[in-house]
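Here the structure is laid out as structure tokens; the discussion comes afterwards.
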Amino acid sequence: MNPPGEPCDRPRVLACVAHPDDVEFVMAGTLILLAEAGYEPHVMNIADGSLGSTSAGAEETAGRRLAEARAAAESIGAIHHPPIARDLELFYCDRLLRRLAAVVRRINPTIVLVQAPFDYMEDHMNASRLAVSATFSKGMPNYRTDPPVDAAGGPCAVCHAMPHGLRDPLRRRVEPEFLVDITRCIGRKAEMLACHHSQREFLTQSQAMDSFVETMRAMAAELANRYGLAGYAEGWRRRLHLGFGEEDFDPLRDALGESIYECEPNDSGKEQGDGSSDE
Ligand SMILES: [Zn+2]
């Protein structure tokens, strides 16, 4: 990131999620492609991953996971921002919103990638809500951040990733609005995820994931296959523009045009509810 006051001519994308490996599961491919398209990539894990071990203590686990997350971000040239909460202490609350809003103002992103509004874990849903409100308030001078950072103008597009398992917490299948074809960067995405060494053992024990890298690949392949595409994809739903910019402000589609596959007509008047279907 440029020092304060020094202009940065690259547009910025912020991937803002709950835990140290969440970006790598559902949005790293899109982040890599946006970086290739000229965006300065930023990664923020709001929580520290401190519960991600059955053998090491919370402090040790958080320290190890911070190092892993930094290495993963570095591997694609992304700037990593340190966590501000502990796992399962990530609530939609005044304290965290003011702290996260300060981070968002400093970055002043054009695109913010967030988790699904309905996902299997509460931390993920709270992270999504915090990221949305921190972005919503970035141009409001009367909102006081912690530490104080001046309001940052300019429009921003917010995009929600797919939920873990491609289903909402009530097991309903979630359909994306569009896919990003990540076939050509799936190797780099896998390398990023593999940086999270500590999670190999933990996810095997806690979620019966034999190989978390294979689980990520399978989810990306299933999504592509669902729409008749070969290879791997990440799915996205763009948040309603109200409060964030003009309706036609769509920098992600503009930047990744050739890698975008539309899953349904881009009809802003269509009622979709939470995007779930009962298929
Ligand atoms: Zn997570």
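Under this note's numbering, the first residue of the sequence shown carries the number 17, and numbering increases by one thereafter.
Beta carbons: idealized from backbone N, C-alpha and C, even for Gly.
On the DSSP bridge list, what partners appear for residue i?
i	result
I95	H58
E278	F194
R28	E56
A88	According to DSSP, A88 bridges with nothing at all.
A246	Answer is none; A246 lacks a bridge partner.
Using DSSP with H/G/I as helix, E/B as strand and the rest coil, what is residue i?
i	result
I127	strand
H176	strand
R254	strand
V33	strand
R189	strand
R115	helix
R102	coil
R81	helix
R183	strand
A63	strand
S149	helix
G273	helix
R121	helix
Given the structure, does residue i come close to ligand 1, in the sense that its CB is under 7 Å from one of the ligand's heavy atoms?
i	result
M208	no
M141	no
A78	no
H35	yes
M235	no
M137	yes
D64	no
Out of the options, state which residue places its alpha-carbon closest to the alpha-carbon of residue i.
i	options	result
A236	T199, T220, M208	T199
E238	S275, E56, R183	R183
E229	E207, E262, G273	The amino acid at residue 229 is misidentified as Glu; the sequence shows Val. Ranking E207, E262, G273 by Cα distance to V229 puts E207 first.
Y277	N158, K205, V196	V196
F134	R114, A87, A143, P179	P179
Check: Can you give, in chain order, each stretch of the alpha helix (DSSP H) that sits fully within the segment 191 to 242 and has at least 4 residues?
Finding: 202 to 210, 214 to 223, 228 to 242
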